[in-house]
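If you read the sequence shown in my numbering, its first letter stands for residue 631, the second for the next number, and so on.
Glycine included, C-beta positions come from ideal geometry on N, C-alpha and C.
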Amino acid sequence: MTIRLFDKDSHMREFDAAVCSCEPGKNGTYLVTLDRTAFFPEAGGQPADTGVLGAAHVLDAHERGGEIVHTVDAPLTPGETVHGALDWEPRLRRMQNHSGEHIVSGLIYRDYGFANVGFHIGSRDVTLDFDGVIEREELRRIEYLANVAVAENVAVTAEYPAPETLATLHYRSKLDLTENVRIVTIAGYDCCACCAPHVKRTGEIGMIKLLDYIHYKGGIRIHMQCGLDAVDDFNEKYDNVAQIAASLSVKQCDAAAAVARLSDAMAAQKQTIAELKRELVRAKLALVAPSEAGLLLFEPSLDMDGLRALAEGASRVRGGVCAVFAGRDGAGYQYAAAAQGQEMRAFAKELNTALAGRGGGSAALIQGSAAAGAEAIRTFFRAHGADI
Ligand SMILES: [Zn+2]
């Protein structure tokens, strides 16, 4: 059994230990056991610590039958003493998040009776799953109370109570264990079975921020960040709001309202543009002179609806195929073409072949795109007797 130095002292950053074994692992790594370690192995939703053992980097640590196995990138010699050092800041951030989770879970259990049924410290944020639904305003209240617990700076302790003491304790637990149970207590807030290292006092946690929640498996999943992670998250969001406010020339506290106004204005403009396009089609149609010949038009500002309306309208006063193109050389063109009393699907095949196009439609109206340039388009329609 490896002595778990983090059990008694969660703030031990460096230690000396004897190498017990070293065997080759996967991909050029080595698996090392020590007589004692401060490296917490991945467990209970908290990732493994990283750091160094002598000259070797510790990439991972996991538990195997009571032993803590360190995955390292260089071999170590059994029997020798090695100096270990943790990557401290990642560990501190995990302890801030994990202790913050205990406070939030303890408060939710106390006030609603819901159990924490899932916990995961990810690379982006922390998730907490509960087996009941709590509304957003209530979560704000829990968040406030959790931050009060931080401000009170109460003690966080860990111990292995004797079985008879354990039997009298009321504590949260995901597993139904009866012996060798490690109880982490946050004075006045929570009592929970947990194997992970925690902060010594709640003041170390810093801000506890519940970010958002979703309904999940009949309960809720809360996204949360604590301490230094919460500061990073705040800065990222602050920078976003600052940029939005600056580009809209409003105060940051008015950014959301300004975005809503902008969105409304864009919707109104969209409507106006659609109306203007319909107006443009009507004006262009008024200029189409009756003739037995077909017609080719380029109307760069029209969308597909406009192209169709203009092609179809023109075909009512012209004898041949009436086609309207929008686009530019290099970027390609969109087109619509119509004719009365002519099978347009056959014409579409001919057009697509000649102008590197795609598309089709009904017997009276076709639409699609063409990669050919304006000059090739003009040549094609000139050959079909259209006025250009
Ligand atoms: Zn825990």
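For Q855, the beta-bridge partners assigned by DSSP are K839.
Annotation for L910: the continuous alpha helix (DSSP H) segment containing it runs A885 to L917. Apart from sequence neighbours up to five positions away, the residues of its chain that approach L683 with a beta-carbon distance below 7 Å are V662, H700, V702, L706, V712 and G714, ordered along the chain. Restricted to the region 957 to 981, not a single alpha helix (DSSP H) segment is unbroken, complete and at least 4 residues in length. Look at the beta carbons and you see the region 863 to 877 not touching the region 736 to 746: under three pairs across the two are nearer than 8 Å. In this structure, the CA atom of S753 is about 56 Å from the CA atom of A953. Beta-carbon to beta-carbon, C856 and G674 are separated by about 16 Å, too far to satisfy the 8 Å threshold. S651 and A678 have their C-alpha atoms spaced approximately 20 Å apart. At a threshold of 8 Å, F749 counts as near ligand 1, since its beta carbon sits closer than that to one of the ligand's heavy atoms. Distances taken from the Cβ of C822 to the heavy atoms of ligand 1 include one shorter than 8 Å.
Here the alpha carbon of T815 sits roughly 41 Å from the alpha carbon of N657. According to the DSSP assignment, P654 belongs to the beta strand (DSSP E) that extends over E644 to P654.
Between I813 and E834, the C-beta gap is not smaller than 9 Å, which leaves the two residues out of contact. With a beta-carbon spacing of about 7 Å, E929 and L940 fall inside the 8 Å limit used to define contacts. Straight across, the Cα-Cα distance linking N727 with D884 is about 31 Å. Between the alpha carbons of L910 and E768 lies a distance of about 55 Å. According to the DSSP assignment, L927 belongs to the beta strand (DSSP E) that extends over G924 to F928.
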